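S.K.: Quick one: this structure, given as structure tokens, is what I'll be asking you about.
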Amino acid sequence: MSTEFETFDVTREIAAAPETVYRLWTDPELKPQWFAWDTPDGWHTDSYTADLVEGGTERAVFRNAQASQFTYAARLIQLRPNARLIYSYTMASQDQMISASLSTVTLAAGGKGTRLIYTEQIVFLDEGDRLEYRLAGTEDLLNRMERHAEAAHADV
Amino acid sequence: MANQSHPNLDTVFQALADPTRRAVIAQLGEGPAAVKELAAPHDMALPSFLKHLDMLERSGLVRSQKTGRVRVCTLHPEAFQAADTWLDQQRRLWTARIDRMATLAEALERDRPERTHK
Chain F
3 MSTEFETFDV
13 TREIAAAPET
23 VYRLWTDPEL
33 KPQWFAWDTP
43 DGWHTDSYTA
53 DLVEGGTERA
63 VFRNAQASQF
73 TYAARLIQLR
83 PNARLIYSYT
93 MASQDQMISA
103 SLSTVTLAAG
113 GKGTRLIYTE
123 QIVFLDEGDR
133 LEYRLAGTED
143 LLNRMERHAE
153 AAHADV
Chain S
50 MANQSHPNLD
60 TVFQALADPT
70 RRAVIAQLGE
80 GPAAVKELAA
90 PHDMALPSFL
100 KHLDMLERSG
110 LVRSQKTGRV
120 RVCTLHPEAF
130 QAADTWLDQQ
140 RRLWTARIDR
150 MATLAEALER
160 DRPERTHK
């Protein structure tokens, strides 16, 4: 059994008032337009339902570029209009929990309109961070290594 | 510590682009080994060998730990997956989502009826 922690954040200055940005996170019509949206690198949403109020839940089924299916389940912990959202969520694949996260979104008037900081504290459960990774012995390892080395060489 | 499991792919490629370092990785594929054992098959001075080891450690493929007077190295092949760990996928996913969210917010803001805000 393994447990690993990580934190990552995404910061954006947005040319819109905090009230407008906040609506994008809490309006049931607006949120899916970016959250349950097909991303350029292949994430697709199979289903999305939400009750975007404090204590409410949000559920989605996503598929990544490798067509693996993931169930997203969130619970909204705190919604401070135009200022802060805190929610927790889990990601599971084939009923196995991959990760559990605490996400904090802060909005502040500033810059060209709003400065948004999305911070996610994430804990990976049972090798969840190596989902695609299966070590099939040294031979496989050496094959991968050769391929990487050739790719590295070709890049020079 | 956790950051070492998400190395830069460039350093992984760099680490693999040398026969000595590939031999070390192959040897570590059999199990952890002391620096001395790893250096033995290579016809070079220890400081030169240690430079190779250092590069492998920076790539995240190899980690070492001192036990008494002996430094033992272990292979961490998950660094091969540096380009596509779950964390990297989530980070990319969130960056794309927030880009899209920002675009929508800005479009919405432009459509808002005229109002004054500083």
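Quick note, the sequences are listed as chains F and S, same order.
In terms of the numbering used here, the first sequence has 101 at position 99, counting the first letter as 1, and numbering is strictly consecutive.
In terms of the numbering used here, the second sequence has 161 at position 112, counting the first letter as 1, and numbering is strictly consecutive.
Just so it is clear, CB atoms sit at the ideal spot from N, CA and C, and this is done for glycine as well.
Bear in mind the structure is a predicted one, so any value in this text is a computation, not a measurement.
(1) Does the pairing of the segment 62-80 of chain S with the segment 112-124 of chain S give three or more beta-carbon distances under 8 Å?
(2) For residue 84 of chain F, which residues in chain S fall below 8 Å Cβ to Cβ?
(3) For residue 87 of chain S and residue 63 of chain F, what's the separation of their Cα atoms in angstroms?
(4) Just the chain F side, please: which residues come within less than 8 Å of residue 106 of chain S by C-beta, in chain order?
(5) With three or more C-beta pairs closer than 8 Å as the rule, is the segment 109-120 of chain F touching the segment 92-101 of chain F?
(6) Please go through the segment 15-89 of chain F and give each complete alpha helix (DSSP H) segment of 4 or more residues, from N-terminal end onward.
(7) How should residue 51 of chain F be labelled, buried or exposed, when 16 other C-beta atoms within 10 angstroms of its C-beta is the threshold for buried?
(8) Verify whether the separation of the beta carbon atoms of residue 27 of chain F and residue 107 of chain F is less than 8 Å.
(9) Could you check which residue in S/113, S/138 and S/100 has the C-alpha nearest to that of residue 63 of chain S?
(10) In the structure shown, what three-state DSSP assignment does residue 132 of chain S receive?
(11) How is residue 79 of chain S classed by DSSP in three states: helix, strand or coil?
M.R.: So, to answer that:
(1) The segment 62-80 of chain S is in contact with the segment 112-124 of chain S.
(2) Position 82 of the first sequence, counted from the first residue, corresponds to residue 84 of chain F. Those do not exist, as residue 84 of chain F stays about 11 Å from chain S at its closest Cβ, beyond 8 Å.
(3) Against the second sequence, residue 87 of chain S aligns to sequence position 38. Against the first sequence, residue 63 of chain F aligns to sequence position 61. Each residue's Cα considered, the two are about 47 Å apart.
(4) Here residue 106 of chain S corresponds to residue number 57 of the second sequence, with the count starting at 1. Below the 8 Å Cβ cutoff, chain F contributes no neighbours of residue 106 of chain S, its closest Cβ being approximately 16 Å away.
(5) Taking 8 Å as the limit for Cβ pairs, the verdict is that the segment 109-120 of chain F does not touch the segment 92-101 of chain F.
(6) For the segment 15-89 of chain F, whole alpha helix (DSSP H) runs of length 4 or above, ordered along the chain, are 20-28 and 33-37.
(7) For the purposes of this step, residue 51 of chain F is taken as residue 49 along the first sequence, with counting starting at 1. Classification of residue 51 of chain F: exposed, given that the 10 Å Cβ count is below 16.
(8) Position 25 of the first sequence holds residue 27 of chain F. Position 105 of the first sequence holds residue 107 of chain F. The beta carbons of residue 27 of chain F and residue 107 of chain F sit closer together than 8 Å.
(9) Numbered from 1 along the second sequence, position 14 holds the residue referred to as residue 63 of chain S. Ranking S/113, S/138 and S/100 by CA distance to the CA of residue 63 of chain S puts S/100 first.
(10) Indexing the second sequence from 1 puts residue 132 of chain S at position 83. Any reading at residue 132 of chain S must be qualified, since the residue scores a pLDDT of 46, below 50, and its modelled position is unreliable; the value itself is stated next. Residue state, collapsed to three classes: helix.
(11) Within the second sequence, numbered from 1, the residue matching residue 79 of chain S stands at position 30. The answer is coil: DSSP assigns residue 79 of chain S none of H, G, I, E or B.
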